[in-house]
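Peer 1:
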DNA sequence: TATTGTTATACTCTATAACTATA
DNA sequence: TATAGTTATAGAGTATAACAATA
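Protein chains in written order, with the working numbering: chain A, 123 to 252; chain B, 123 to 252.
(1) Out of A:162, A:231, A:168, A:198, state which residue places its alpha-carbon closest to the alpha-carbon of residue 134 (chain A).
(2) Give me the chain A residues within the contact set of residue 131 (chain B), using Cβ-Cβ distance strictly less than 7 Å, ordered along the chain.
(3) Give a yes or no on whether the minimum CB-CB distance between residue 215 (chain A) and chain B is below 9 Å.
(4) Nearest CA to the CA of residue 226 (chain B): which residue from B:137, B:150, B:165?
(5) Please list, in chain order, all residues of the same chain as residue 180 (chain B) whose beta carbon is under 7 Å from its beta carbon, the five residues on each side excluded.
(6) Step through the CB atoms of chain A and report whether any lies within less than 9 Å of the CB of residue 234 (chain B).
(7) Would you say residue 240 (chain A) lies against chain B (beta-carbon separation less than 9 Å)?
(8) Are the C-beta of residue 250 (chain A) and some C-beta of chain B separated by less than 9 Å?
(9) Alpha carbon to alpha carbon, how far is residue 194 (chain A) from residue 145 (chain A)? Give it in angstroms, no decimals.
(10) Just how far apart, CA to CA, sit residue 200 (chain B) and residue 248 (chain B)?
(11) Rounded to a whole number of angstroms, what is the C-alpha to C-alpha distance between residue 229 (chain B) and residue 252 (chain A)?
(12) Taking the C-alpha atoms as reference points, what is the distance between residue 175 (chain A) and residue 239 (chain B)?
(13) Using a C-beta cutoff of 9 Å, does residue 183 (chain A) count as contacting chain B?
(14) Here's the rule: buried if 16 or more other CB atoms are within 10 angstroms of the residue's CB, otherwise exposed. What is residue 125 (chain A)?
(15) Could you please give me the residues that DSSP links to residue 194 (chain B) through a beta bridge?
(16) So the alpha helix (DSSP H) residue 164 (chain A) belongs to, where does it begin and stop?
(17) Classify residue 153 (chain B): buried if its beta carbon has 16 or more other beta carbons within 10 angstroms, exposed otherwise.
(18) Quick check on DSSP: helix, strand or coil for residue 203 (chain B)?
(19) At a CB-CB cut-off below 7 Å, which residues of chain B make contact with residue 149 (chain A)?
(20) Please name the residue, chosen from B:130, B:244, B:183, B:172, that lies closest to residue 148 (chain B) on a Cα-to-Cα basis.
(21) Work out the CA separation of residue 223 (chain A) and residue 141 (chain A) for me, nearest whole Å.
(22) For residue 204 (chain A), which residues of its own chain have a beta-carbon under 7 Å away from its beta-carbon, when the five flanking residues on both sides are left out?
(23) Does the beta carbon of residue 228 (chain B) come closer than 9 Å to any beta carbon on chain A?
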């Protein structure tokens, strides 16, 4: 099973790189961008939990996204240790574009599956890791 | 989809490490050992193709397996460039033990799935990457 | 000249420890 | 004393180029 999930991941990630090379973001970085986009004011620690990333590694991803002016970080008055994350206008624009590419990618990678089968595949995978 | 396959892979590999730490082999190294075990006289280039590994990286894996006295390498008379791989007696023994652990691991990781669903999951994944 | 496999090496990804600032 | 996040760094995994030996 691990063999099959890994082979599928490699294939999908390879195609992801080919189709999104103009954005210079890898799949995990895209996930971070997407989660921030759909959960404004999310914190780094929440992202670490949700994506199984270690804090030091997430910090580097956030620095990269920040250097590309895709996200903004600010410290809330309620807790000056914490950081809230949200997308910049550029970030929102890029995310929207990327989501179109990625959703087409997903459909193409599953070209041998019906919509129902793809949905089922997702559910079975989630039952494995959750 | 890539997100879900990756999360599942991470979970499975993590459990793999916990249950097989005594053998000091990672999942890919186990796959190499297993493929050699079930395909005597397979060549490194065949393994590279089958497992999507690059030759220099497979070489390192084979050196590790060889240092552990799990495999034997020999050059056939028919082509002195090529290498044939097979398991040593120790290798056969270790593989047999590992396969018991791994097949139990597989069943446990899919505890929320019926046998039929697990079988289906495999087939859907293979349709993605093949 | 092409193929098989190896060596050396660089790059990316992931993991650990120590640190700053705030609570 | 504990928590959020950062920095520095080490280690594992993956990639590219150059090479030796054989076909």
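The C-beta atom is built at its ideal place from N, Cα and C for all residues, glycine as well.
Peer 2: Reading it off the structure:
(1) A:231
(2) 124, 127, 128, 131
(3) no
(4) B:137
(5) 166, 169, 170
(6) yes
(7) yes
(8) yes
(9) 18 Å
(10) 35 Å
(11) 15 Å
(12) 29 Å
(13) no
(14) buried
(15) B:208
(16) Run containing residue 164 (chain A): none; DSSP gives neither H nor E here.
(17) buried
(18) coil
(19) 124
(20) B:183
(21) 7 Å
(22) 165, 197, 198
(23) yes
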